[in-house]
Amino acid sequence: MSSSTSGISINDIELEKQYRPRRDRPWRHLFFHSILQKHSYLWFFLDFSLDTLLPSATLSYESYLSNHFKEGSAGWSLFERYFSDWAMLAKELTPHVIVALYPHMSLKDGAPPVIRPEIVDIHTRMLSLCRANNIVCVDLSTSLTTFDDSRAVRVTAFDNHPSAEAHRVMAEALSEVVGAGELRAIAHRSDPKQLLISIAHPSTHARTLPRHP
Numbered sequence: 000m001s002s003s004t005s006g007i008s009i010n011d012i013e014l015e016k017q018y019r020p021r022r023d024r025p026w027r028h029l030f031f032h033s034i035l036q037k038h039s040y041l042w043f044f045l046d047f048s049l050d051t052l053l054p055s056a057t058l059s060y061e062s063y064l065s066n067h068f069k070e071g072s073a074g075w076s077l078f079e080r081y082f083s084d085w086a087m088l089a090k091e092l093t094p095h096v097i098v099a100l101y102p103h104m105s106l107k108d109g110a111p112p113v114i115r116p117e118i119v120d121i122h123t124r125m126l127s128l129c130r131a132n133n134i135v136c137v138d139l140s141t142s143l144t145t146f147d148d149s150r151a152v153r154v155t156a157f158d159n160h161p162s163a164e165a166h167r168v169m170a171e172a173l174s175e176v177v178g179a180g181e182l183r184a185i186a187h188r189s190d191p192k193q194l195l196i197s198i199a200h201p202s203t204h205a206r207t208l209p210r211h212p
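For the record, in the sequence shown the residue sitting at position 38 is 37 according to numbering that gives the first Met the number 0, with numbers rising by one throughout.
Dropping the structure here:
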């Protein structure tokens, strides 16, 4: 991100986490589990990996999102309201606001990445919500679905966060839009530093990204 841009990251669609399904695993009853999960990344990683690999009758996280944030639900209506409030405040700071929508992908070895079917509707509604609030949205699924093998998109088999190559492709897509926005700002004699980017993952914590010196 250039020195002329500021950014806000919204990680996940959830405004509250108490509705998130939690699988009952034996090791989670250990008295030291909650302490280690907060202070040990190794324990957090093992807990997450085992929970992902082991079967469970509990509703999947993706199914939970699909149900809790279905169109017309209280969860989605609340998110819509908060997003619209955020959009209004963002546009008060700058006329050039961009949302980068990171998709919740299904990443299977040897197969190209696709948006998880449970999330497609939410992803589509996020695009519509941006249009309704007159905000430019960069759909990063367009960049990620160009990969032939999902293994190139993720960090490891146990970590579905985007790889360095995936970051590069997404950065290129964003730089094109950011560059166009700054050129428009200059053309309209606006301050090119007035550009706000939000990274939204539909899958809620907001944090301000530091500016580079």
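Just so it is clear, CB atoms sit at the ideal spot from N, CA and C, and this is done for glycine as well.
In the three-state reduction of the DSSP assignment, serine 55 falls in the coil class.
Bridge partners of serine 105 according to DSSP: Val113. A straight line joining the alpha-carbon of asparagine 66 with that of glycine 178 spans about 38 Å.
In the DSSP assignment, arginine 153 forms a beta bridge with Pro161. Here serine 72 carries a coil assignment [DSSP, helix/strand/coil].
Using a 10 angstroms sphere on the CB of asparagine 132, the tally of other CB atoms reaches 16 or more, which defines it as buried. DSSP places arginine 27 within a helical segment (H, G or I) once states are collapsed to three. Excluding residues up to 5 positions away in sequence, Leu106 and Arg153 lie with their Cβ nearer than 6 Å to the Cβ of asparagine 159 in the same chain. Arginine 24 sits close to aspartate 50, with the two beta carbons spaced by under 8 Å. Within the same chain, Asp120 and Arg124 come within 8 Å of glutamate 70 by CB-CB distance, once the 5 residues on both sides are set aside.
DSSP, read as helix, strand or coil, puts leucine 14 in coil.
Taken atom to atom, the span from the alpha-carbon of arginine 115 to that of lysine 37 is near 29 Å. Within a 10 Å sphere around the beta-carbon of histidine 95 sit 16 or more other beta-carbons, which makes this residue buried.
Counted as a single uninterrupted DSSP element, the alpha helix (DSSP H) harbouring threonine 141 occupies residues 140-143.
Alanine 73 has its alpha-carbon roughly 34 Å from the corresponding atom of alanine 172.
Of the residues assessed, serine 149 falls on the buried side of the cut-off, its CB having 16 or more other CB atoms within 10 angstroms. By the Cβ neighbour-count rule, serine 33 is exposed, with fewer than 16 other Cβ atoms within 10 Å of its own.
Burial check for histidine 28: the Cβ neighbour count within 10 Å stays below 16, so the residue is exposed.
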